[in-house]
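Engineer: Okay, handing you the structure first.
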Amino acid sequence: VSQALSGEPLTVYGDGTQTRSLQYVDDLVEGIRRLMRSPETRPVNFGNPVEYTVREVAGLILKLSGSASKLVHEPLSQDDPRQRCPDTTRAREVLGWEPRIEAREGLKLTLAWFDGRLRVQ
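In this text, residue positions in the sequence shown follow the UniProt record's numbering: the first is 1, and each later residue adds one.
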């Protein structure tokens, strides 16, 4: 995000086909609040079950930011997983929690937050 907002090349590790799920911080905070108020003692995963390729996320960041940055590819770390997508079943069933902010909206909010911080610097 900061690379796109600063007009720097946007780094994508690997070919960008690996998948990630995006979660906006407000959704995470709400999940943690619910967990703290519950008697649940087992592990609970928070996240978003919708997956995007890293290439899709990079493209969305460029589009939403209006950046003219180009993508640059760097080698993928050997221990980087091809897929990251949490199983949020327990959060939904035990806490009644589900993410509410979809990726596009979360990225818009994140870009605005970063842009405000970068302008101060």
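No residue lacks a Cβ here, since even glycine has one placed at the ideal position from N, Cα and C.
Only a predicted model underlies this, so the values are computations on that prediction, with no experimental measurement involved.
1) Are there any heavy atoms of the ligand SAH lying less than 6 angstroms away from the beta-carbon of K70, as far as the coordinates show?
2) Tell me, to the nearest whole angstrom, how far the beta carbon of G7 is from that of S69; I am working on the premise that it is less than 8 angstroms.
3) Okay, do the region 89-100 and the region 25-42 touch, 3+ Cβ pairs below 8 angstroms being the bar?
4) Label N48 either buried or exposed according to how many other C-beta atoms from any shown protein chain fall within 10 Å of its C-beta, with 16 as the threshold for buried.
5) Give me the Cα-Cα distance between V29 and M36, rounded to the nearest whole angstrom.
6) Identify which residue in P75, E105, L118, S67 has its Cα closest to the Cα of Q23.
7) Tell me whether the beta-carbon of A91 lies closer than 7 angstroms to the beta-carbon of G16.
8) If you run the structure through DSSP and keep just helix, strand and coil, what is G40?
Structural biologist: In short, the structure shows the following:
1) As for the ligand SAH, it is missing from this structure, which has no ligand bound.
2) The C-beta separation of G7 from S69 comes to about 6 angstroms, placing the pair in contact by the 8 angstroms criterion.
3) In short, these stretches touch, since the Cβ pair count reaches three.
4) With 16 or more Cβ atoms within 10 Å of its Cβ, N48 is classed as buried.
5) Those two C-alpha atoms are separated by around 11 angstroms.
6) For Q23, the closest of P75, E105, L118, S67 by C-alpha to C-alpha distance is E105.
7) Cβ distance not < 7 angstroms, so A91 and G16 don't count as in contact.
8) Residue identity differs from the one stated: residue 40 is Glu in this sequence, not Gly. Looking at E40 - three-state DSSP - the assignment turns out to be coil, as it is neither helix nor strand.
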